[in-house]
Structures are given as structure tokens and as C-alpha cells.
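Asker:
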Amino acid sequence: FTEAEVYQRSFNPQEYLKEFYTLSDSQGQPNAFLMQSLRTLFKMFSLEGMKGDILIDIGCGPTIYQLLSACEHFQEIIALDYTDQNRRELERWLKKEAGAFDWQPVVKYVCELEGDREKWAEKEEKLRKKVKQVLKCDVTKANLADPVSLPPADCIVSTLCLEAACKDLATFRSVLRNIGALVKPGGHLVMLTVLQETYYGFGNQVFSCLYLERNMVEEAVEAAGFDVKFSEVQQYLIKDPRTDCTATLGLVARK
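Going by my numbering, the sequence shown opens with residue 11, and the numbers climb by one from there.
(1) Specify the secondary structure class of residue 36 as computed by DSSP and reduced to three states.
(2) Can you tell me which residues form a DSSP beta bridge with residue 204?
(3) So what does residue 199 bridge to, in DSSP terms?
(4) Could you tell me whether the segment 82-101 touches the segment 123-142, where touching means 3 or more Cβ pairs closer than 8 Å?
(5) Could you say if the segment 128-139 and the segment 13-33 meet the contact criterion of at least three C-beta pairs nearer than 8 Å?
(6) Quick test of your reading: residue 265 and residue 195, contact by CB under 8 Å. State the CB separation rounded to the nearest angstrom.
(7) Considering only DSSP beta bridges, list what residue 216 is partnered with.
(8) Check whether the segment 164-175 and the segment 194-209 are in contact - that is, three or more C-beta pairs closer than 8 Å.
(9) Going by the CB atoms, is the gap between residue 74 and residue 100 shorter than 9 Å?
(10) Quick test of your reading: residue 32 and residue 244, contact by CB under 8 Å. State the CB separation rounded to the nearest angstrom.
(11) Let me check one thing: in DSSP terms, what residues is residue 253 bridge-paired to?
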């Protein structure tokens, strides 16, 4: 199991972004995994009742892709991640600093899904304005963002985080209960999770991942006080040396 300290010490956000978040690779091959994730997120955030004031992103990493559809439906976003360099990388983009990752192709793709590719600059500005805080968190703690107390959320989004942060199913279930406690009654949990993955890697590093099946995730979400409203598995059939994941699960649940 890859402990949190290993992420803090050696996770390289720039390399991670370059490896997984360009829309097409150096050979011009489309990034099927990312495009599928964006389509699933668009679909989930378009569901009825997906709106409110506060959205909390748990385990945002250095990425914004998971907030591009979300920012149309919520007024204020709080982004949480354990790793200092991930939060710093996210801040670079939010503050338009030199050398920040170029999300433009990804933003354009999402705008296209929403029906207007030309709105990409507007969407970037909207997202930058709505992210009010970027905070350190530890999902295994009862108060995730200790010492900061988080406001009750209308929605929590967590993408590709918990399966890397939890060493076993018991931890995964207890972390979901922690997260669930932050959601207002009637609020939503939106998750994107990889299934049947035990590792992912890039550069010269390999990180562990908790092997999950769809029913394990659904049961853990229900045990945390939610009703599953949407659950969709997308197969990932590409032979990819960077991961052994076989599918992704998009899930929306209501508290």
C-alpha cells in the first residue's frame, strides 16, 4: 500500500498531468480514459437536482477536469488534497501563473459536450472565481480538513482518489462515512472510481490502488447514508501498461 507520506514526498504533479490529462498523446492517439471520464461527469452533473451553493472536491489532486461540468451548478467550490505540491499546482492554474498546465483542450471538450465550444474562456473564468479555497485534507481523519471546519456541502465530488487513499475495504467504508457526514440531507455525492485496479504508474513510480468492484462501492455508499441514484460502468479495454484497471464507475447518490 502506498502511504500518504510517499505521495507527499515523491508524487510529481507536472508529470502526472502530462501523462494522463492531455487530450491526445504524442502519437496523436485520443485519451479515451479522460474523454470517457469527462462525458460521465457531464452526464452526472446534468441529472435533476444537481445544484446548490457549496461543492467540496475531495482529493482534487492537481486537476480541474472534475470541476468543469460541476461549476455550472454550484456557487462555491472548496478543493481538498493531501499533497502540498498538488494543491500548489492547482493554485498555479487558478492564479494563471507562468508554467501552469494548459487545460484549454479539456475545457473546450467539455464546452462542446455542453453545446458551445466557444465558451471555454468564460468557463475557465467561472471556475477560477468559484474555487474559494484550496485546503489540505486527510480523508482518513474524522475532520478531513483539520484544523479548518468545512461547511455542510450540497454536493461532494471525489474522482480517482479514495481507491488510492484507502488501504482496505474497511478504510474505504469508514472514509465514505466521514465524507457522508459533510453532506446536507438531500445533498449529493458524485464519484468516479476505477474498478479492479491494483496499481497505476507514471514516470518511474508505481502507486497502489484498492481493488474494488461496483457492488463494493455501491454498498459502501449506501452504508454511509446515501441512496444510489445513478451508477454506470464504462469498460476500459485498452491494454495500458500504466494501469491494470478494467473499468470506471460513475456514481451519484443522494443523502
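A virtual CB, placed ideally from N, CA and C, is assigned to each residue, including glycine.
Answerer: Let me spell this out:
(1) Residue 36 falls in the coil class under three-state DSSP.
(2) 258
(3) Paired residues: 166 and 263.
(4) yes
(5) no
(6) 6 Å
(7) 211
(8) yes
(9) Contact flag set, yes.
(10) About 20 Å separates the two Cβ atoms, so there is no contact after all.
(11) DSSP lists 210 as partners of residue 253.
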